[in-house]
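Trainee: In the working numbering, the protein residues as written are 1213 to 1279. Positions of the beta carbon are idealized from the N, C-alpha and C atoms, including for glycine. Everything numeric in this text was worked out from a predicted model, so none of it was measured. First, the structure itself, so that you have it in front of you.
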């Protein structure tokens, strides 16, 4: 497994997806009204992981990396 993507809807609900693209698609299909949503991507490295967070920028109409 290359990574795990977690779509955080900002209301306490989190949806696990197999990839960043799957999380983006899931948000676009069902949850696009929730602009406070973020996607946390976990890349496993040995026994730990690195996390990269994306948020949707409604002005640019795309997901941008915040960390």
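Output needed for residue 1232: all residues of its chain with C-beta closer than 6 Å, excluding positions within five of it in sequence on either side, in chain order.
Mentor: In the chain shown, residue 1232 corresponds to position 20, counting from 1. 1217, 1253, listed in sequence order.
Trainee: In the DSSP assignment, find the beta strand (DSSP E) that holds residue 1238 and state where it starts and stops.
Mentor: In the chain shown, residue 1238 corresponds to position 26, counting from 1. Not the beta strand (DSSP E): residue 1238 falls in the alpha helix (DSSP H), residues 1232-1242.
Trainee: Leaving aside the five residues before and after residue 1269 along the sequence, list all residues of the same chain whose C-beta is less than 7 Å from its C-beta, in chain order.
Mentor: The count along the chain shown starts at 1 and reaches residue 1269 at position 57. Hits under 7 Å: 1276.
Trainee: With a 10 Å radius around its C-beta and 16 neighbouring C-beta atoms as the bar for buried, classify residue 1229 as buried or exposed.
Mentor: Within the chain shown, residue 1229 is the residue found at index 17, counting from 1. Residue 1229 should be labelled buried.
Trainee: With C-beta atoms as the reference, is residue 1221 less than 7 Å away from residue 1249?
Mentor: Your numbering for residue 1221 matches position 9 in the chain shown. Your numbering for residue 1249 matches position 37 in the chain shown. Yes, the pair counts as a contact, with Cβ atoms nearer than the cut-off.
Trainee: Does the Cβ-Cβ distance between residue 1262 and residue 1219 come in under 7 Å?
Mentor: For this step, residue 1262 is matched to residue 50 along the chain shown. For this step, residue 1219 is matched to residue 7 along the chain shown. No, Cβ-Cβ distance for residue 1262 and residue 1219 is not below 7 Å.
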